[in-house]
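Taken in order, these protein sequences are the chains called P and C.
Here my numbering is used: position 111 in the first sequence is 117, and no number is missing along the way.
Here my numbering is used: position 203 in the second sequence is 209, and no number is missing along the way.
Every residue gets a Cβ at the ideal spot worked out from N, C-alpha and C, and that includes glycine.
What follows is a single structure, written as C-alpha cells, with notes after it.
Protein chains: 2
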Amino acid sequence: MSSCEQCLVRNRAICSSLNAEELEVLNRIGRRQKISRGQSLMWEGDESLLVANVIEGALKLSTSTADGREQIVGVVYSSDFIGRPFGQTSPHTVTALTDAKVCSFTRSAFDGFARAHPELEHKLLKRTLDELDRARDWMLLLGRKSASERVATFLLDMSRRLAQSSCAGAGDLDRFELPLDRQQIGDVLGLTIETISRQITQLRTAGIISTPDRRTVIILDRTAMAEIAGASV
Amino acid sequence: MSSCEQCLVRNRAICSSLNAEELEVLNRIGRRQKISRGQSLMWEGDESLLVANVIEGALKLSTSTADGREQIVGVVYSSDFIGRPFGQTSPHTVTALTDAKVCSFTRSAFDGFARAHPELEHKLLKRTLDELDRARDWMLLLGRKSASERVATFLLDMSRRLAQSSCAGAGDLDRFELPLDRQQIGDVLGLTIETISRQITQLRTAGIISTPDRRTVIILDRTAMAEIAGASV
DNA sequence: CGAAAGGTTGAGTGCTGTCAACGTCCGTGG
DNA sequence: CCACGGACGTTGACAGCACTCAACCTTTCG
Chain P
7 MSSCEQCLVR NRAICSSLNA EELEVLNRIG RRQKISRGQS LMWEGDESLL
57 VANVIEGALK LSTSTADGRE QIVGVVYSSD FIGRPFGQTS PHTVTALTDA
107 KVCSFTRSAF DGFARAHPEL EHKLLKRTLD ELDRARDWML LLGRKSASER
157 VATFLLDMSR RLAQSSCAGA GDLDRFELPL DRQQIGDVLG LTIETISRQI
207 TQLRTAGIIS TPDRRTVIIL DRTAMAEIAG ASV
Chain C
7 MSSCEQCLVR NRAICSSLNA EELEVLNRIG RRQKISRGQS LMWEGDESLL
57 VANVIEGALK LSTSTADGRE QIVGVVYSSD FIGRPFGQTS PHTVTALTDA
107 KVCSFTRSAF DGFARAHPEL EHKLLKRTLD ELDRARDWML LLGRKSASER
157 VATFLLDMSR RLAQSSCAGA GDLDRFELPL DRQQIGDVLG LTIETISRQI
207 TQLRTAGIIS TPDRRTVIIL DRTAMAEIAG ASV
C-alpha cells in the first residue's frame, strides 16, 4: 500500500504543495518504482515519456558525445525531481548510482496535473531555478578551474549535499560515502580517472582528507580544502 | 509612451501569456530601460533586486573565481528573461554586450505578480527548463570537448540563435555578426583568447568560414563545421 | 598622426591525457 | 582455507594540447 501520505519525501518534494485531496489524485496517476544500481530510467534523445520524484537513493544525469565521451550534468538525491516536463525529448540519460526508489508519472499525466495546480508548478519552477544556478556554477568549474580546484570543490559540494539529503542530521558532516566511483567523479568534473586518483592521493598525502576505503571520505582540514577549491596553489 | 501593446517582443516574451487587462497592470510595475554596451545590470552575489525582459540587444551572464578568471554562463537575446525571481541573491553578473533595451521590474513586484498569474509562471517555467537544458549541453562542451570542437559548436550555435532572435527571417543564416569579442568567446568556451584566434584562423584557412571583419562570420561549409563540432579530427 | 584597443602569430612550458603496469579488494569455486 | 579472477584504484613514464609570455599587426578614434 504505497500512499503519498506516508511518503518519505512528502514534505520536501514538490508534492508538499498539495493538500490531502489533491494528493489522492496524484497518488492515482503515480507509481512507485524500484531501480537497481546501474539501471537507467530514461535515455538522452528518447521521447520524454516519464517524470519522477526521487524517494530514496542517488541518480546521475548524463550526456555523451557521438564518440562516447561522457559528461555527468547532475546528480540527484531523495526529494529531487527528474525528467523533462513540457518537452518532447529527454535531454539526458538518467541512471541509478545506488539502488533507488522513485515515484514516477507518465509525462502527459503529470503535465496535465501540473497545469491544473499552480502551487505545484511554482515549486517546480523554484526547483528548476535552483538547478539552473547549480548548473551554471558548475560551468565555471568546468571552464576555468584546475584539476585540484575541481576535486576540492567536488568533495566540499558532496559533503554539503549528502548532509542535506540525509536530513536526519546524521551527525558527522565531515565523513561521508561517495555514491560515485572514480570514473563517475571524472565524468562529473571533466577529468580522467587517473587525474582524480592523483588528486585524491595528493589531498590524502597533504593530510587534508583521509580515505578509510574507496568510497568513504573524511575531511580533516576543511579550511585548507576551501582554500584549494577557491583559487588553488 | 512606452506601452506593452506596441512592445517588440510582446508575442515572444513571457508576457505573451497575459491578456490586455493584465498587461496593463504589468505595464504599471515595469520600466523601460536603456543599457549601453559594457554596462552591468546586476552583480553576482548582490541582493536580487530586479528582473527583466530583454527587448533588444544581447547580454551576457557571467561568474568569476576569486582570482578573476571569468566564465560566461549564458548569452541572452531579445525576448529572453533575465534575473533571479524567487531567490535572495543574483547568481551571476549581467552585462550588456551591445547597446540594449530591457523592460525591468523590481523583484518583489514581479514575484507577486507572477504568483498571481499561473500562465505567466508556466511560461517562465518552460523557459527556465529550456535554459537548463542549454546549460547542461554546454557542460558537455566545457567538460569534454577539444578547442576545435568548442569553437565549431559555438559558431553553429550562434548562427542558429541569432537567426532565431532576429525572427524577421533576415535571410542569410550563414552570415552573422558576433556580439562577442575574442576574449568573450574565450570566456564562453573556457579557452584563452589566443586559442580562439588560432582556431578561427584554422577554420578560415581550411575554407570552412570566412571573416570579412573581426565581428562578422560567414559559414561556407556547414557540413564540415558540423563534423568538427561533433567528434573532431 | 599617434596611441590605444583588439587581434594574430610564434616559441616554449606545463598540466592533464594516454598508455601501461601494478596493487588492492572481494566474491567465487576448488 | 586458499587460489583465482575480475573490478576498481593507484602509480609511473611520456606525449600533446592548450596556456603563457611576448612580439607584432590591424583597426579605431582622438
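Quick check on the burial criterion: 16 or more other C-beta atoms within 10 angstroms. Buried or exposed for residue i?
| i | result |
| --- | --- |
| Asp139/C | buried |
| Ser203/C | exposed |
| Thr49/P | Inspection of the sequence shows that residue 49/P is occupied by Trp rather than by Thr. Exposed, by the Cβ-count rule. |
| Thr229/C | exposed |
| Asp5/C | Outside the displayed span of chain C (7 to 239) sits residue 5/C, for which this structure offers no information. |
| Glu137/C | buried |
| Ala120/C | buried |
| Gln190/P | buried |
| Asp178/P | exposed |
| Pro185/C | buried |
| Glu200/C | exposed |
| Thr134/C | buried |
| Gln77/P | buried |
| Cys13/C | buried |
| Gly192/P | buried |
| Arg34/P | exposed |
| Met7/C | Residue confidence for Met7/C is low, a pLDDT of 47 falling below 50, so the modelled location carries little weight and cannot support an answer. |
| Thr69/C | buried |
| Arg113/P | buried |
| Thr99/P | buried |
In chain order, what residues of the same chain lie with their CB nearer than 6 angstroms to the CB of residue i, ignoring the 5 residues before and after it?
| i | result |
| --- | --- |
| Gln205/C | Ala153, Ser154 and Val157 |
| Ser238/P | Note that Ser238/P scores a pLDDT of 44, beneath 50, so its modelled location is shaky and nothing firm can be said. |
| Gln170/P | none |
| Asp227/C | Ile214 |
| Gly36/P | Cys109 and Phe111 |
| Lys40/P | Lys107 |
| Glu183/P | Arg221 and Thr222 |
| Val282/C | In the structure displayed, chain C extends from 7 to 239; residue 282/C sits before or after that span and is not available. |
| Arg150/P | none |
Pull up the DSSP beta-bridge partners for residue i, would you.
| i | result |
| --- | --- |
| Asn59/P | Phe87/P and Cys109/P |
| Thr95/P | Glu53/P |
| Met48/P | Val100/P |
| Arg38/P | Cys109/P |
Cutting at 7 angstroms between CB atoms, please list the residues of its own chain near residue i, excluding the five before and the five after it.
| i | result |
| --- | --- |
| Ile234/C | Ser154, Glu155 and Ala158 |
| Ser148/P | Position check: residue 148/P holds Leu in this sequence, whereas Ser was assumed. Excluding sequence neighbours, Leu148/P sits near Gly196. |
| Leu146/P | none |
| Asp117/P | Pro91 and Phe92 |
| Ser42/P | Ala102 and Asp105 |
| Leu168/P | Phe182 |
| Arg188/P | Ile199, Ile202 and Ser203 |
The alpha helix (DSSP H) with residue i in it runs from where to where?
| i | result |
| --- | --- |
| Gly213/C | Careful: Gly213/C lies outside any alpha helix (DSSP H) and carries neither H nor E. |
| Gly196/C | Looking at the DSSP string, Gly196/C is not in any alpha helix (DSSP H), and its letter there is neither H nor E. |
| Leu147/C | Pro124 to Arg150 |
| Val31/P | Ala26 to Ile35 |
| Gly236/C | Arg228 to Gly236 |
Which same chain residues, not among the five before or five after residue i, have their C-beta less than 8 angstroms away from its C-beta?
| i | result |
| --- | --- |
| Glu53/C | Gln94, Thr95 and Ser96 |
| Met231/C | Ala158, Leu161, Leu162, Leu209, Ile214, Ile215 and Ile225 |
| Ala141/P | Val79 and Gly80 |
| Glu11/P | Ala26 and Leu29 |
| Gly236/P | Glu155 |
| Asp180/C | Ser165, Ile224, Ile225, Leu226 and Arg228 |
| Ala115/P | Ile35 |
| Asp143/P | none |
| Thr217/P | Ile206, Arg210, Val223 and Ile224 |
| Ser46/C | Thr99, Val100, Thr101 and Ala102 |
| Gly44/C | Thr101 and Ala102 |
Could you tell me the boundaries of the beta strand (DSSP E) in which residue i lies?
| i | result |
| --- | --- |
| Leu184/P | Taken as a continuous stretch (DSSP letters only), Leu184/P belongs to no beta strand (DSSP E), as it is neither H nor E. |
| Gly80/P | Glu76 to Val82 |
| Thr222/C | Thr222 to Ile225 |
| Thr69/C | Leu65 to Ser70 |
Practice prompt. Assess, as a yes-or-no matter, whether the stretch 130–138 of chain C is touched by the stretch 52–71 of chain P under the definition of 3 or more beta carbon pairs within less than 8 angstroms.
Written response: no
Worksheet item: Are at least three pairs of beta-carbons, each pair with one atom in the stretch 94–110 of chain P and one in the stretch 46–61 of chain P, less than 8 angstroms apart?
Response: Contact holds between the stretch 94–110 of chain P and the stretch 46–61 of chain P, because three or more Cβ pairs, one in each stretch, are under 8 angstroms apart.
Discussion item. Does the stretch 215–222 of chain P come into contact with the stretch 84–92 of chain C, if we say contact requires no fewer than three beta-carbon pairs (one atom in each stretch) closer than 8 angstroms?
Written reply: Between the stretch 215–222 of chain P and the stretch 84–92 of chain C, the count of Cβ pairs shorter than 8 angstroms is below three; the stretches do not touch.
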